[in-house]
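The block underneath contains the structure these notes are about, expressed in structure tokens.
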Amino acid sequence: MNAAGTHMTAPPLSVCGLGPGEITIASLAADGAALLLFVNEDCPTSALALRRLGPLCPAWQEAGLSATAVFEDPLEVAVRLARRLGWAGRVASEDPPYQTSRAYGLVSVPTAVLVDNAGTIAGTVTGWDHAALVALIGKAGALLGAGLATPEATEPLLKPGCSSKAAIDPELAAAMSAPAGSDGIEEMFERGWTDGLPVVPPTPDRVEAMLGGSDPSFSLGLVPPDMGEATLERVAACAVLAGCRPAYFPVVVAACQAALDPAFNLHGQAVTTQPAGQLVVVNGPVRDAIGLNSGMGALGPGWRANLTIGRALRLLVTLTGGGMPGKLDRSTQGQMGKVGFCVAEDEEVSPWEPLHVERGFQPGQSVVTVIGSDAPLSISDHRSRTPEDLAWVLAWAAASQWSTNWWPLQEPSVFVICPEHAEMFRAAGWTKQQLRRFMFDAVHKPAGELRRGETTPFVHAADPAAQVPKWASPEAIVLIVAGGEAGRYSAVLGPCTGMGSQIVSREVGSPWPLTT
Amino acid sequence: MAADYVSPFDDRVRTPEPLAPRPASVSGRRVVLLDIRKNRGAEFLDRMETLLRAEGAVTARSAKEIFSKPAALDLIDDIAGRADLVVEALAD
Chain A
1280 MNAAGTHMTA PPLSVCGLGP GEITIASLAA DGAALLLFVN EDCPTSALAL RRLGPLCPAW
1340 QEAGLSATAV FEDPLEVAVR LARRLGWAGR VASEDPPYQT SRAYGLVSVP TAVLVDNAGT
1400 IAGTVTGWDH AALVALIGKA GALLGAGLAT PEATEPLLKP GCSSKAAIDP ELAAAMSAPA
1460 GSDGIEEMFE RGWTDGLPVV PPTPDRVEAM LGGSDPSFSL GLVPPDMGEA TLERVAACAV
1520 LAGCRPAYFP VVVAACQAAL DPAFNLHGQA VTTQPAGQLV VVNGPVRDAI GLNSGMGALG
1580 PGWRANLTIG RALRLLVTLT GGGMPGKLDR STQGQMGKVG FCVAEDEEVS PWEPLHVERG
1640 FQPGQSVVTV IGSDAPLSIS DHRSRTPEDL AWVLAWAAAS QWSTNWWPLQ EPSVFVICPE
1700 HAEMFRAAGW TKQQLRRFMF DAVHKPAGEL RRGETTPFVH AADPAAQVPK WASPEAIVLI
1760 VAGGEAGRYS AVLGPCTGMG SQIVSREVGS PWPLTT
Chain B
3 MAADYVSPFD DRVRTPEPLA PRPASVSGRR VVLLDIRKNR GAEFLDRMET LLRAEGAVTA
63 RSAKEIFSKP AALDLIDDIA GRADLVVEAL AD
């Protein structure tokens, strides 16, 4: 079967796009004419067409020609490919059995179809045929009474397309497109039950094992931004998806409870343009019980418990809460901590009381603390020979957090002190409070030097000679200890700012299991 | 046949609220300008207020506690009770 012929009425579209409304031929051609470019992920010629035609779309749009790439792929694949290939037009997606491609009689992709504003097909080009496409664009220009930009005549000028998924036997097409039931991991991607990494499919058996006797209908509350209800069953599904073992579940639940505390303002963190992630700090005996790493590589990869507990919380926000990156999650750049970030404190190496004890818990209690935070900045200091020098270096490393001249910061900076650095403070007999005070006192500047670019109303209101500290108080400096025994690298994580987000701690498994 | 999985989603159907009818004119209408407390949002509202008053609108100001949290229900009720129209400012 050949592509739909010229002068026939363009068949209706059965596709979905990014917006809430229905995509129709009439709406696409409303400004004059519409160009549909049928493509699919598996086709290099489709990629060529998207790359070469994509940059022209905004100028076409201004002249009244809307260009839409119709992908024979899931929407998330379509959006990713369009972005990667520089397609600046609209994006639409059709599912098997590719009803729209069939209606247009597609044999191969790419196929470009020009539709006038009466909804009539004015021309069709299959494959990459530069001359034919220039002629088609010229025809669009004639319809609009405008000169339209055309792609450069660079090699290849001719490239055959690939088979349209609609031209393949429906059963074969279904088998080729990661069919449900035969590949659970691919099915999770198709369903959108993922953060972009492979997940463990949440079968009823796995979810039941994760629940460990807790009531699946027990609710932890509503998860912003879309206010989905965090029943334990859904939390367990997220924990399974994240790759957690059932033994981690009480920690996941405590992290979720802490993050859903209104004082944490997860709502703001979930939708902000900031790079805010939800740092999960674990203290107490549960660290050893479930194999959380607080030693070498404590902030990095390699340990299942660390990687999956933080990820389970993030999946709850993303899936149950609807805070999907690029949708309700509007983070400008994001950061890898938004995949999930769980740190265990090395209480045994630390010279100080651990974080949870500082926050009012007993040393023998297992506690999760959540902190809205930016990505970590590593601080190398192999040269300091006094605690004063080391504290000065650590503190000034945080001087540019949030923004270079944004002083004072109201929200906390989290310093993860490595064991060798911690040992220097232990040997000198410095308490946590002394170190915190020293760091607070060390970092200040005259207000006059901070009046450039983004700065605070406080700086503008202050006398130019007045010393402004980096933090509003010493309590905004949070100190924990973690890392390998060798190497003098500590780290500092900047804050999530302006949200009124507070640090929240919850005891793990108290009570457990959770029942109504 | 598709495997049976436990969904992490809350599948309750949420119907989007329809947009209220757009007014043909603001003249004589009560307009509340809601400052979400984002940086410089008030400057935008000042200008909007000037323009709305020139068009005959009766204006009043209101403000959220903080931009990063949803408006409190009592604030929404308060505005609903004294406004025909609302202008909410985002800024930065």
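These protein sequence lines are chains A and B, in that order.
So the number in the numbering used here is just where the residue sits in the first sequence, counting from 1, plus 1279.
So the number in the numbering used here is just where the residue sits in the second sequence, counting from 1, plus 2.
Beta carbons are placed, not taken as given, at the ideal position from N, Cα and C, and that holds for glycine.
Exposed unless 16 or more other CB atoms sit within 10 angstroms - verdict on residue i
i                       : result
residue 57 of chain B   : exposed
residue 1324 of chain A : buried
residue 1606 of chain A : exposed
residue 4 of chain B    : Because residue 4 of chain B sits at a pLDDT of 47, beneath the cut-off of 50, its placement in the model cannot be relied upon, and the point is left open.
residue 1847 of chain A : A question about residue 1847 of chain A goes unanswered here, because the residues of chain A that appear run from 1280 up to 1795.
residue 83 of chain B   : exposed
residue 1739 of chain A : exposed
residue 1504 of chain A : buried
residue 41 of chain B   : exposed
residue 1790 of chain A : exposed
residue 1351 of chain A : buried
residue 1627 of chain A : exposed
residue 1641 of chain A : exposed
residue 1659 of chain A : exposed
residue 1443 of chain A : buried
residue 7 of chain B    : buried
residue 92 of chain B   : exposed
Beta-carbon proximity list for residue i, same chain, < 7 Å, skipping 5 on both sides
i                       : result
residue 1538 of chain A : 1545, 1557, 1592, 1649
residue 1477 of chain A : 1464
residue 1342 of chain A : 1423, 1425, 1427
residue 1367 of chain A : 1333, 1334, 1336, 1337
residue 61 of chain B   : 33, 35, 51, 54, 55
residue 44 of chain B   : 37
residue 1402 of chain A : 1285, 1393, 1415, 1418
residue 1536 of chain A : 1499, 1785
Presumed contact (8 Å Cβ cut-off) between residue i and residue j, rounded CB distance
i                       : j                       : result
residue 1686 of chain A : residue 1724 of chain A : 7 Å
residue 10 of chain B   : residue 1520 of chain A : 6 Å
residue 1769 of chain A : residue 1661 of chain A : The pair is not a contact, with the Cβ atoms about 11 Å apart (cut-off 8 Å).
residue 1616 of chain A : residue 1652 of chain A : 7 Å
residue 1776 of chain A : residue 1553 of chain A : 7 Å
residue 1360 of chain A : residue 1320 of chain A : 6 Å
residue 1647 of chain A : residue 1787 of chain A : 6 Å
residue 1578 of chain A : residue 1622 of chain A : 6 Å
residue 1761 of chain A : residue 1625 of chain A : 5 Å
C-beta atoms of residue i and residue j nearer than 8 Å
i                       : j                       : result
residue 1565 of chain A : residue 1588 of chain A : no
residue 1756 of chain A : residue 1634 of chain A : no
residue 1549 of chain A : residue 1600 of chain A : yes
residue 1688 of chain A : residue 1753 of chain A : no
residue 1511 of chain A : residue 1494 of chain A : yes
residue 1303 of chain A : residue 1400 of chain A : no
residue 70 of chain B   : residue 1734 of chain A : no
residue 1314 of chain A : residue 1419 of chain A : yes
residue 1799 of chain A : residue 1316 of chain A : Residue 1799 of chain A cannot be examined here, being either before or after the span of chain A that is shown, 1280 to 1795.
residue 1666 of chain A : residue 1703 of chain A : yes
residue 1446 of chain A : residue 1532 of chain A : no
residue 1441 of chain A : residue 1356 of chain A : no
residue 1663 of chain A : residue 1669 of chain A : yes
residue 89 of chain B   : residue 81 of chain B   : no
Residues near residue i by beta carbon distance below 6 Å, same chain, minus five either side
i                       : result
residue 1404 of chain A : 1391, 1411, 1412, 1415
residue 1516 of chain A : 1481, 1486
residue 1542 of chain A : 1781, 1783
residue 1346 of chain A : 1314, 1336, 1339, 1368
residue 1631 of chain A : 1711
residue 1677 of chain A : 1692, 1771
Close Cβ partners of residue i (< 8 Å) along its chain, the five nearest in sequence each way excluded
i                       : result
residue 1429 of chain A : 1335, 1412, 1413, 1416, 1417
residue 66 of chain B   : 36, 37, 38, 39, 73, 74, 77
residue 1742 of chain A : 1726
residue 1312 of chain A : 1343, 1344, 1345, 1393, 1394, 1395, 1396, 1401, 1419, 1422, 1423
residue 1434 of chain A : none
residue 1527 of chain A : 1518, 1569, 1584, 1587, 1588, 1591
residue 1763 of chain A : 1574, 1575, 1576, 1577, 1697, 1698
residue 1358 of chain A : 1297, 1370, 1605
Residue i: CB within 7 Å of a non-hydrogen atom of the ligand COA
i                       : result
residue 1625 of chain A : Within the structure as shown, the ligand COA is missing, as the structure has no ligands at all.
Chain C contact residues for residue i, given Cβ-Cβ distances below 7 Å
i                     : result
residue 11 of chain B : Looking at the structure shown, chain C is missing, and the protein chains on hand are A and B.
Original post:
Would you call the region 1376-1386 of chain A and the region 1322-1339 of chain A touching, i.e. three or more CB-CB distances under 8 Å?
Top reply: No contact exists between the region 1376-1386 of chain A and the region 1322-1339 of chain A.
**OP:** Inspect the CB distances between the region 1573-1582 of chain A and the region 25-32 of chain B and report whether three or more fall short of 8 Å.
**Re:** Contact between the region 1573-1582 of chain A and the region 25-32 of chain B is absent: fewer than 3 CB-CB pairs across the two stretches fall below 8 Å.
Original post:
Would the region 1711-1731 of chain A and the region 1764-1781 of chain A be scored as touching if the rule is three or more Cβ pairs under 8 Å?
Top reply: In short, these stretches do not touch, since the Cβ pair count stays below three.
Original post:
Are the region 1366-1373 of chain A and the region 1392-1403 of chain A in contact at 8 Å, needing three or more beta carbon pairs?
Top reply: Because the criterion of three Cβ pairs below 8 Å is not met, the region 1366-1373 of chain A and the region 1392-1403 of chain A do not touch.
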